[in-house]
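Under my numbering, the letters of the sequence shown match residues 3 to 389, in that order.
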Amino acid sequence: MTKRLLPKLDPEWIPLLVPDMPTPEELLPWLEQMHRNRYYSNFGPLVRELEAELAKRFNVGTDQVTTISNATLGLEMVLQALNLPAMSRVLVPAFTFVATATAVIRAGHVPVLADVDENTWLLTPEMARAAHADLRLDAVLSVATFGMPHDMQGWARFEHDTGLPVVIDAAGAYGSQWLQGVHGTLVFSMHTTKSLPAGEGGLVVSTRPGLAARVRQCSNFGINLHPDVDVAFGTLADTGTNAKMSEYHAAVALCSLHKWDQLAFNRRVLQADFINQLNQASGNKLSWQIAGEGGMQMAPTLLCARLPSASARIALEQGCQRSRIMTRRWYQPLLNQMPVLKTKCHLLDTPNAEMISQTLIGLPFFLGITEEQRQRLLIEVRRALNY
Ligand SMILES: *Cc1c(COP(=O)(O)O)cnc(C)c1O
């Protein structure tokens, strides 16, 4: 364990990512406000302020958003709040972070692992329609892969035509994935590596009537906090859990939110510039995730490239290892190749996901990466591609 952590701490290694967390100085006013309030959890003033600010940005009412302790529990609670029968079939892309599928299983359902589009790396409404025609589905949990937003109009049409609820795991897509003027359910992460970092945290945005409120209730053990329903105020109305966002995390999230525009802009500039350099160094042999109808990534936090072949990827990985540059095979192996998952899932054919996963590499990407560090990577890219 210590051995694996060492490279990151070694100043000679170029890290994969460096979180943009607020500094202690920036945080201090928010923490002082929290302490004056004498409120540290349980939907305190900072959580309510954060929810109000986010509701405004999504152009929905405050009853259509709820903060949560993390996106994984958010997905679980959204699935619970949909009231699907036990062992429902939930379509999930095979190319995603493990939490997308584990949330489905823990909510008592069966993930149906699907392919993704070869350009956007997203599970699309067209693919979901085909899967639904082949085997009856009960819901869809698509993913904003690496923060790439979905076209919500397409998913709203799918919901309308099929009657199936659609949820977007938009964990890494804060600032990129919006409702786009239609109905939808989005789950965001505020983990330190995502685009609105709070350390740990999450957000559910949903125009589905009552859904955000039920998730909020579930996040507070399932205790009813509404005076105007059948169940008495303060008694148990649902089998919930504890997934509340604390005031400490809300303080960090609010601070991050106030800095978000500038940091997102800087990340977009860095991404464009870095991709240019990598394209030149590789003779345009790298390929990139392509934005679809849903728009572009507004606050990229990862940089993933596809190499022309599996052997070129290995060559680049080995070169980077020798030059002390961290790389990562994000979202790999595919979910349908993980022993723990595949026996609990229904597997569809995933030719695009397999092609992507054999050639994808995550490269160092963080604000403050130096020109010297970038040149070190570019040398390895040139070498691996014999360019
Ligand atoms: C990060 C991530 C999650 C988990 O988010 P947490 O807030 O850390 O629980 C889930 N799904 C995807 C696609 C992610 O990238």
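Every residue gets a Cβ at the ideal spot worked out from N, C-alpha and C, and that includes glycine.
* To do: Verify the contact flag: residue 72, CB atom, against every heavy atom of ligand 1, threshold strictly below 6 Å.
  => Reading the sequence shown from its first residue, position 70 is the one you call residue 72. Yes.
* Using a Cβ cut-off of 7 Å (strictly closer), state whether residue 82 contacts chain D. => Considering every chain present, this structure includes no chain D. It has just one protein chain.
* Asked: So who's on the other strand from residue 225, going by DSSP bridges?
  -> As a first step, residue 225 must be located in the sequence shown, where it is residue number 223. According to DSSP, residue 225 bridges with 238.
* Residues that DSSP places opposite residue 171 in a beta bridge -> Stepping through the sequence shown from its first residue, residue 171 is reached at position 169. Its beta-bridge partners are 145 and 189.
* In this structure, what does DSSP give as the bridge partners for residue 349? -> Reading the sequence shown from its first residue, position 347 is the one you call residue 349. Here residue 349 is bridged, per DSSP, to 115.
* Could you tell me if residue 79 is buried or exposed, where buried requires 16 or more neighbouring beta carbons within 10 angstroms of its beta carbon? => Your numbering for residue 79 matches position 77 in the sequence shown. With 16 or more Cβ atoms within 10 Å of its Cβ, residue 79 is classed as buried.
* **DSSP three-state assignment for residue 388, whether helix, strand or coil** => Position 386 of the sequence shown holds residue 388. Coil at residue 388, not helix or strand.
* Asked: DSSP state of residue 50, grouped into three classes?
  -> As a working mapping, residue 50 is identified with position 48 in the sequence shown. Three-state result, residue 50: helix.
* Write down every uninterrupted run of the alpha helix (DSSP H) in the stretch 231 to 308 whose length is 4 residues or greater and which is fully enclosed by it, in chain order. => 249 to 284
* **Candidates 339, 386 and 376, of which the one nearest residue 310 by Cα** => Within the sequence shown, residue 310 is the residue found at index 308, counting from 1. Residue 386 is the option with its Cα nearest to residue 310.
* Asked: residue 231: buried (16+ other C-beta within 10 angstroms of its C-beta) or exposed?
  -> Indexing the sequence shown from 1 puts residue 231 at position 229. Classification for residue 231: exposed.
* **Cβ-based neighbour list, residue 348, same chain, cut-off 8 Å, excluding 5 preceding and 5 following** => Here the question's residue 348 lines up with position 346 in the sequence shown. Answer for residue 348: 91, 112, 113, 114, 115 and 137, listed in chain order.
* Asked: Counting pairs of Cβ atoms below 8 Å between the stretch 210 to 225 and the stretch 60 to 80, do you hit three or more?
  -> yes
* **residue 201, DSSP secondary structure in three states** => Within the sequence shown, numbered from 1, the residue matching residue 201 stands at position 199. Strand, per DSSP.
* Backbone CA spacing between residue 237 and residue 223 [nearest angstrom] -> The count along the sequence shown starts at 1 and reaches residue 237 at position 235. The count along the sequence shown starts at 1 and reaches residue 223 at position 221. Looking at the two C-alpha atoms, the distance is approximately 10 Å.
* Please find out if some non-hydrogen atom of ligand 1 comes closer than 6 Å to the beta-carbon of residue 100. => Position 98 of the sequence shown, counted from the first residue, corresponds to residue 100. It does not: the Cβ of residue 100 is nowhere closer than 6 Å to a heavy atom of ligand 1.
* Asked: Is the beta carbon of residue 173 within less than 6 Å of some heavy atom of ligand 1?
  -> Indexing the sequence shown from 1 puts residue 173 at position 171. Yes, ligand 1 has a heavy atom inside 6 Å of this Cβ.
* Output yes or no for whether 7 Å exceeds the beta carbon distance between residue 122 and residue 294. => For the purposes of this step, residue 122 is taken as residue 120 along the sequence shown, with counting starting at 1. For the purposes of this step, residue 294 is taken as residue 292 along the sequence shown, with counting starting at 1. Yes, Cβ-Cβ distance for residue 122 and residue 294 is below 7 Å.
* **Where the alpha helix (DSSP H) containing residue 102 begins and where it ends** => In the sequence shown, residue 102 corresponds to position 100, counting from 1. Element bounds for residue 102: 100 to 108.
* **Cut-off 6 Å between Cβ atoms - residues of its own chain near residue 191, not counting five sequence neighbours on either side** => The residue labelled residue 191 in the question sits at position 189 within the sequence shown. Only 73, 173 and 204 meet the Cβ criterion.
* Asked: Run through DSSP, which three-state label would residue 316 get?
  -> For the purposes of this step, residue 316 is taken as the residue at position 314 of the sequence shown. The DSSP-derived three-state label of residue 316 is helix.
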